[in-house]
Amino acid sequence: TPCYLNGEYTALKDAKISVLDRGFIFGDGIYEVVPAYAGKLFRFEQHMARLERSLAELRITNPLTRVEWRQVALKLIADYAHKTGAPAENGNQLIYIQISRGVAMRDHPMLPGLTPTVFVMANPLKLPSAQQREQGVACVTADDFRWEKAHIKSTSLLGAVFSRQISVDAGALETVMFRGDHLSEASSSNVWVIKDGRVSGPPKDHLVLEGIRYGLIEEMCRAAGIEFELRRISRAEVLAADELLLSSATKEVLPVTLLDGRPVGNGQPGPIYARLYAAYQQAKL
Ligand code: PDD
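Take 13 as the starting number for the sequence shown in the UniProt record's numbering and just add one per residue.
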């Protein structure tokens, strides 16, 4: 697998960083996950805007311009396609971008003037299976014990690892989390509640990562005449939903049909899901 590290393209197995990298020592970095369909980056500008917001929170200067980020991503997509012998247009890929503050002797402050470590790789994008889409997936609920800066796409992901493991241990796909009585998100996905034909999501505040699909789902709803709103959503509303959806770069939109072992709505993927899934496939073309 080819990758990009600090200005060089190398094989993944040859890419090495310092043990003093603050990404390794403190999880002091940010990341992005960008899908590419048939060699074309999906919603790249939106991902870049979020990367810039995350960097600004960490007071790290963006090491590359948007044009340069795009060039790196497209080169990795093309190299990967070349390596596997399949044309880039045939496969879907996932671009992973990580920027850490850089290398320094261990010391907590946001040390200024370091050279950020920049890492990018391309991997095959594994989309949900037909069975997952047709039957829906199982999720469990848990308290959201992560920190209160969930809006930063940070590589400090221990909270997400713990959260995700709760669903792994329960044989489920995701963990739907609540801050007190209010829905926040899942360990690596946003969560959408559908009731009486209206799509509702939690507000874009510091308790959720604003997925790139936030904007996309809103656009698709508006275009399809489906009511859409962002507001605080109670646990009771989640449990009483007609439909529940997950969204992320890798899940696209995915129906949740079992929550804590109980059926969501009638236990089948619903009509709003079907419309949003179809609109999403159109948006990829
Ligand atoms: N996860 N919320 C959290 C906590 C996430 O980690 C993600 C993405 C999302 C959805 O964001 P988007 O629609 O931009 O993918 C919401 C990525 C895919 C990951 O960590 O692999």
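Note that CB positions come from ideal geometry on N, CA and C, so glycine has one too.
Closer than 5 Å is what we want: which residues have a beta carbon that near any heavy atom of the ligand PDD? List them in chain order.
Result (chain order): V45, E197, S200, N202, L221, G223, I224, R225, S260 and A261.
Classify N278 as buried or exposed, calling it buried when 16 or more other Cβ atoms lie within 10 Å of its own Cβ.
Here the question's residue 278 lines up with position 266 in the sequence shown. Exposed: under 16 other Cβ atoms inside 10 Å.
List the endpoints of the continuous alpha helix (DSSP H) containing F36.
In the sequence shown, the residue the question calls residue 36 occupies position 24. R34 to F38 is the extent of the alpha helix (DSSP H) around F36.
Mind the definition here: the region 78-85 touches the region 44-58 only if three or more C-beta pairs lie below 8 Å; say whether that holds.
The region 78-85 vs the region 44-58: in contact.
Would you call the region 118-136 and the region 67-78 in contact, with 3 or more CB pairs under 8 Å?
Taking 8 Å as the limit for Cβ pairs, the verdict is that the region 67-78 does touch the region 118-136.
On the DSSP letters alone, give me the boundaries of the beta strand (DSSP E) that K138 sits inside.
Residue 138 sits at position 126 when you count from the first residue of the sequence shown. Neither: K138 is in no beta strand (DSSP E) and is coded neither H nor E.
Can you confirm whether the region 174-185 touches the region 145-156 when touching is taken to mean that 3 or more C-beta pairs between the two stretches lie within less than 8 Å?
Yes: the two stretches touch, three or more of their Cβ pairs being nearer than 8 Å.
Run the CB neighbour count on K296, radius 10 Å, all protein chains shown included, and call it buried at 16 or more, exposed below.
For this step, residue 296 is matched to residue 284 along the sequence shown. Exposed, because fewer than 16 other Cβ atoms sit within 10 Å of the Cβ of K296.
Can you tell me whether S186 is buried or exposed, with buried defined as 16 or more other CB within 10 angstroms of its CB?
To locate residue 186, count along the sequence shown from 1; it is residue 174. Looking at the sequence itself, residue 186 is Glu, so the reference to Ser does not match. It is buried - the Cβ of E186 has at least 16 other Cβ atoms within 10 Å.
Note down, one range per segment and in chain order, each alpha helix (DSSP H) of at least 4 residues found wholly within the region 109-165.
DSSP runs (the alpha helix (DSSP H)) wholly in the region 109-165: 142-147.
Enumerated in chain order, which unbroken segments of the beta strand (DSSP E) with a length of 3 residues or greater are wholly contained in the region 238-289?
You should have 239-242, 255-260 and 264-271.
F174 bridges to which residues according to DSSP?
The residue labelled residue 174 in the question sits at position 162 within the sequence shown. BP columns for F174 are empty, so no partner.
Return the CA-CA distance between K95 and N135, expressed in angstroms with no decimal places.
The residue given as residue 95 occupies position 83 in the sequence shown. The residue given as residue 135 occupies position 123 in the sequence shown. Roughly 12 Å between the two C-alpha positions.
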